[in-house]
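Notes follow the structure.
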Amino acid sequence: GDSVTQMEGPVTLSEEAFLTINCTYTATGYPSLFWYVQYPGEGLQLLLKATKADDKGSNKGFEATYRKETTSFHLEKGSVQVSDSAVYFCALNHGGSNYKLTFGKGTLLTVNP
Amino acid sequence: DGGITQSPKYLFRKEGQNVTLSCEQNLNHDAMYWYRQDPGQGLRLIYYSQIVNDFQKGDIAEGYSVSREKKESFPLTVTSAQKNPTAFYLCATREVTSGGVEFFGEGSRLTVL
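First to last, the sequence lines map onto chains A and B. This note's numbering puts the first sequence at residues 18 to 130. This note's numbering puts the second sequence at residues 1474 to 1586.
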């Protein structure tokens, strides 16, 4: 079945540092890929998505490129801020008749001033 | 405002009691989902419904029940048969044409005393 593997956290960075959170997936065909963010005590919000190979999703300075050859969708940001502290989830979905998202376990990011 | 409303935000329950968590949406989305979130385990799907008067078990349905009598509402009952109910519960919705994007409520935190 489908699965998503994220780098384990927690990740702790200083403000303005470069961020990478690794995500790899196992799935048949051509799934859509997503990054969600969860701020403390809240639900999840869609951060970005990519629906086909070589697509780059981007939002709020975050980027991720859909790499089919390496089955990866790594999240990057060039300069993190304290306000980026949150849990980040990678997820996939086949769309169409597929009924649900498959999530990774989440990576906690803490950014210190 | 359009969105997903979960209530209550915090709930305390004595062992042996059933409790119902509310999820209401005015996004006119067809599909609705319930997830359970525990530290370090990501999101696990409890139940989902793709249409009114129909729902399916997810990965961890034992000890839970749901109903979908209206498009707007998808309540989750945590029964006394759920052995470890203390968790953060998230409701989500999805529009069929959204390409797999799920929208989340703010969550309900259930604590069993």
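All residues carry an ideal CB built from backbone N, CA and C; glycine is no exception.
C-beta contact flag for residue i and residue j at 8 Å
| i | j | result |
| --- | --- | --- |
| B/V1574 | A/K66 | yes |
| B/Y1537 | B/T1552 | yes |
| B/Y1506 | B/L1494 | no |
| A/G123 | B/G1580 | no |
| B/G1572 | A/S49 | yes |
| A/D19 | A/T82 | no |
| A/L14 | A/G58 | Absent from the structure is residue 14 of chain A, since the part of chain A shown begins at 18 and ends at 130. |
| A/A34 | A/L109 | no |
| A/V99 | A/E32 | yes |
| B/K1544 | B/V1525 | yes |
| B/G1515 | A/F106 | yes |
Closest Cα partner of residue i within the set the options
| i | options | result |
| --- | --- | --- |
| B/L1583 | B/Y1508, B/D1532, B/I1477, B/D1503 | B/Y1508 |
| B/G1578 | A/N39, A/Q62, A/T37, A/E33 | A/Q62 |
| A/F79 | A/L92, A/A70, A/T68 | A/L92 |
| B/R1567 | B/E1542, B/S1581, B/R1517, B/L1500 | B/L1500 |
| A/T88 | A/A34, A/N39, A/K94, A/T29 | A/N39 |
| B/G1513 | A/A108, A/V128, A/G121 | A/G121 |
| A/N129 | A/S75, A/S96, A/G58 | A/S96 |
| B/D1511 | B/S1546, B/P1548, B/L1563, B/N1491 | B/L1563 |
| B/E1497 | B/A1534, B/G1476, B/Q1523, B/I1533 | B/G1476 |
| A/L64 | A/K73, A/F51, A/A70 | A/F51 |
| B/Y1520 | B/Q1479, B/H1502, B/T1550 | B/T1550 |
Residue i at chain A interface by Cβ criterion, 8 Å
| i | result |
| --- | --- |
| B/V1574 | yes |
| B/F1577 | yes |
| B/Q1555 | no |
| B/L1563 | yes |
| B/G1476 | no |
| B/G1580 | yes |
CB contact check: residue i to chain B, cutoff 8 Å
| i | result |
| --- | --- |
| A/K66 | yes |
| A/E80 | no |
| A/F90 | no |
| A/K73 | no |
| A/G18 | no |
Length-filtered (4 minimum) alpha helix (DSSP H) runs lying within the segment 1483-1558 of chain B: none
Members of the segment 1492-1516 of chain B that neighbour chain A once the beta carbon cut-off is set at 8 Å: A1504, Y1506, G1513, Q1514, G1515, L1516
Interface positions of the segment 1519-1536 of chain B facing chain A (Cβ-Cβ less than 7 Å), listed along the chain: Y1521, Q1523
Residue ranges of each beta strand (DSSP E) within the segment 21-80 of chain A, 3 or longer: 28-31, 36-38, 40-43, 49-55, 61-67, 73-76
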